[in-house]
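Just below is one structure, and these are the notes that go with it.
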Amino acid sequence: LISVLVNFTDNLWAIGSTNLLDGIGVGCLDLMLALYSHLLSRQTGHYNLNMAVIATGIQLGESFSALLGGALATEKSYEFAFPVLAVMTVFPIAFTFGISTPSLYSQVKKDEAEMVVNA
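Each residue of the sequence shown is one higher than the last, beginning at 20 in this note's numbering.
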């Protein structure tokens with residue numbers, strides 16, 4: 020959204036407030052990734068491994084974005100680089116919705132039932 024605002028407005032308050040909301044969204048995402056990783060690695064001891072894999076994927080995406088954005092801005096212009104990077108956000112979103120995840124709710128209920136039986 021910031022890439023769209025930069026192209027169409029000079030209002031610094033709009034860009035700053037969008038950046039603030041983006042920071043809140045990133046905080047929520049980090050919290051959800053930690054909770055989801057905890058549920059996926061429940062009773063396996065692989066929580067840190069899951070978080071490392073997630074962090075590696077995020078860092079690779081950020082590095083590729085900065086590399087591509089810099090190359091496009093240098094070769095073409097900023098007005099060309101921002102929309103290209105904005106359109107590229109569609110691919111991770113589509114990939115995320117295409118992943119089949121296990122039913123975590125049933126796993127948690129099964130673990131709770133086993134704890135009641137073992138108690």
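Cβ coordinates follow ideal geometry from the N, Cα and C atoms, glycine included.
State the start and end residues of the unbroken alpha helix (DSSP H) segment that holds S84.
Residues Y66 to E94.
Just mark A100 as buried or exposed, buried being the case when its beta carbon has 16 or more other beta carbons within 10 Å.
Under this definition A100 is a buried residue.
Pull up the distance between the alpha-carbon of T108 and that of K95, whole angstroms please.
Taking C-alpha positions only, T108 is separated from K95 by approximately 20 Å.
So, for V73: in the same chain, excluding its five sequence neighbours on each side, which residues have a beta-carbon less than 7 Å away from its beta-carbon?
According to the sequence provided, residue 73 is Ile. The question's Val does not apply to it. Cβ within range, chain order: L52 and S56.
Suppose you measure from the CA of L104 to the CA of W32; what does that come to, to the nearest Å?
Whole-angstrom Cα-Cα distance: 23 Å.
Just how far apart, CA to CA, sit C47 and L39?
Straight through space, the alpha carbons of L39 and C47 are spaced by roughly 13 Å.
Proximity winner among I77, A92 and G64, relative to V45 (alpha-carbon distances)
Comparing Cα positions, the closest option is I77.
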